Amino acid sequence: MTKRKILITGGAGFIGSHVVRLFVNKYPDYTVVNLDKLTYAGNLENLRDIEKKPNYHFEKGDILDIEFLFEVFKKYGIDGVIHLAAESHVDRSLHNPTEFAETNILGTLNLLRAAQASWANAYEGKVFYHISTDEVYGSADHGGFFTETTPIDPRSPYSASKASSDHFVSAFHNSFSLPTRISRCSNNYGPFHFPEKLIPLMINNILNNKPLPVYGKGENIRDWLFVEDHAGAIDSIFHSGKTGEVYNIGGNNEWRNIDLVNFLCYTMDKKLGREEGTSAKLITYVKDRLGHDLRYAIDASKLTAETGWRPQVTFEEGLEKTVDWYLANQEWLKNVTSGDYLKYYSKMYQA
Ligand code: NAD
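So in full-length UniProt numbering the end of the sequence shown lands on 351, straight run, no missing numbers.
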């Protein structure tokens, strides 16, 4: 097996940490370099179990710093990139779109340029794999599913920045033959998810007996995939995907937000030994998110047909694993919800 030297950006974040863990454990002969700026969303606590493995390396730095990227490519002889570093929260993008354009668009462009220059047209065996989102397709309001040929129609500053980065990745493939791949995944959930996102936010608030803020009437629909299944799909695409291709990744698991929150309340009541209905009493409808896409729905059949990947974890199993993890790791939750998180939370959810 080739001893690959892979740069994973954003490896201290939610999905990135699962991808790093999978690659470090599954491929002991690979060199796995985690490059992360450690923003509010990046946390090395997410990687304590693998940080001492000899094939794992951490480089703290910013994808906006191209000289630093050149140095990292050279230092490790990087031959594969899995790019996850991003500003990832839609609500934050409504308040600070410039930061999203800088990190997600310019940061991706820097990484493309660093790969292009470092590999100097010797592309044999190289992979530049960009992790994107189903949100670039807009909203599937009128039924049907997003396929890889669905027109790009981003509606939030977050999805606009991701769509733009996707276009730059495609442009580097078309213009310079950079060996790229892109995948677009639906909503992830699981351990180490920062509690500004729906599922961990609700778990944290249930534990603290705080209101459970549900946007609008709770009718928005999302497809949910357990994060380890996303990491498995990334592994499949990195090793077996085709150059220049886009792959959708999804769980075939659509939920209205309000149904999901009720199911989570039910699961939490059971786990905490509370009377059924206790947590659901905390549900509070709040003013809808600006430009809130109604429905995301993914057709991942191309990926399954080409690589055999399919989700391994049912939603019931995944949600139970997730709740169990948060209950067993309340210290992690306390640490990430102190300080700046409290300021952010009061700005977002207090009347
Ligand atoms: P996250 O916010 O948890 O993690 C992002 C990571 O990127 C953090 O560790 C952060 O420190 C790092 N980072 C941010 N700016 C950086 C910079 N300038 N330089 C270096 N590192 C920087 O995000 P996530 O939820 O794990 O998402 C990872 C990727 O997957 C993103 O590209 C996102 O668009 C995509 N994605 C996420 C989901 C989801 O449901 N969370 C679904 C589909 C696609």
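Just so it is clear, CB atoms sit at the ideal spot from N, CA and C, and this is done for glycine as well.
If you're wondering where the values come from, they're calculated on a predicted model, not measured in any experiment.
Residue from the options whose Cα sits closest to the Cα of residue i
i      : options                           : result
Gly216 : Trp309, Ala122 and Asp293         : Asp293
Asp65  : Phe238, Glu45, Arg113 and Phe315  : Arg113
Arg256 : Ile199, Ile105 and Gly244         : Ile199
Asp223 : Leu333, Ala140 and Asn46          : Ala140
Val90  : Tyr326, Gly291 and Arg295         : Gly291
Ser161 : Asn104, Ser279 and Gly339         : Asn104
Arg155 : Pro54, Asp134 and Met202          : Asp134
Ser159 : Ala305, Val136, Gly143 and Phe146 : Val136
Asp29  : Glu51, Lys5, Asn43 and Lys37      : Lys5
Cys265 : Lys52, Ile152 and Leu201          : Leu201
Phe176 : Ala122, Ser165, Val227 and Glu316 : Ala122
Leu38  : His18, Glu51 and Thr9             : Thr9
Asn174 : Gln116, Asn220, Glu148 and Ile221 : Gln116
Asn46  : His193, Asn25, Tyr341 and Leu178  : His193
Ile258 : Thr243, Tyr285 and Ser240         : Tyr285
Leu69  : Lys52, Lys53, Ser118 and Lys210   : Ser118
Lys210 : Gly244, Thr278 and Lys53          : Thr278
Phe226 : Phe145, Glu316 and His167         : Glu316
Proximity test, residue i beta-carbon vs the ligand NAD heavy atom, cut-off 7 angstroms
i           : result
Asn187      : yes
Glu87       : yes
Asp235      : no
Asp293      : no
Ala12       : yes
Ile131      : yes
Ala41       : yes
Gly16       : yes
Gly241      : no
Leu64       : yes
residue 354 : This structure does not reach residue 354, given that the chain is present from 1 up to 351, and the question cannot be answered.
Thr31       : no
Thr180      : no
Leu38       : yes
Phe194      : yes
Lys26       : no
Gly107      : yes
Test item: CB-CB of residue i and residue j under 8 angstroms
i      : j      : result
Thr322 : Gly190 : yes
Gly254 : Ala297 : A quick correction: the sequence has Glu, not Gly, at residue 254. Yes. Within cutoff.
Ile63  : Ala85  : yes
Thr108 : His83  : yes
Phe128 : Thr180 : yes
Asn43  : Val336 : yes
Gly61  : Leu35  : yes
Glu320 : Thr267 : yes
Gly125 : Thr2   : yes
Arg295 : Ile221 : yes
Val81  : Leu106 : no
Nearest-angstrom beta carbon gap, residue j and residue i [assumed within contact, 8 angstroms]
i      : j      : result
Phe23  : Val33  : At roughly 10 angstroms, the Cβ-Cβ gap does not stay under 8 angstroms, so Phe23 and Val33 are not in contact.
Pro157 : Ser93  : 4 angstroms
Ala231 : Ile249 : Actually they do not touch by this definition, with Cβ atoms about 10 angstroms apart.
Asn204 : Pro195 : 4 angstroms
His130 : Val72  : Contact doesn't hold; Cβ gap of about 17 angstroms is too wide.
Tyr344 : Pro213 : The Cβ separation is near 13 angstroms, so there is no contact.
Ala280 : Asn262 : 6 angstroms
Burial state of residue i, where buried means 16 or more other Cβ atoms lie within 10 Å
i      : result
Ala12  : buried
Glu275 : exposed
Thr314 : exposed
Ala351 : Its pLDDT being 39, under 50, Ala351 is placed unreliably by the model, and the measurement read from it follows with that caveat. It counts as exposed.
Ala328 : exposed
Lys334 : exposed
Pro311 : buried
Ala120 : exposed
Asp324 : exposed
Gly339 : exposed
Asn96  : exposed
Phe14  : buried
Ser240 : exposed
Val19  : buried
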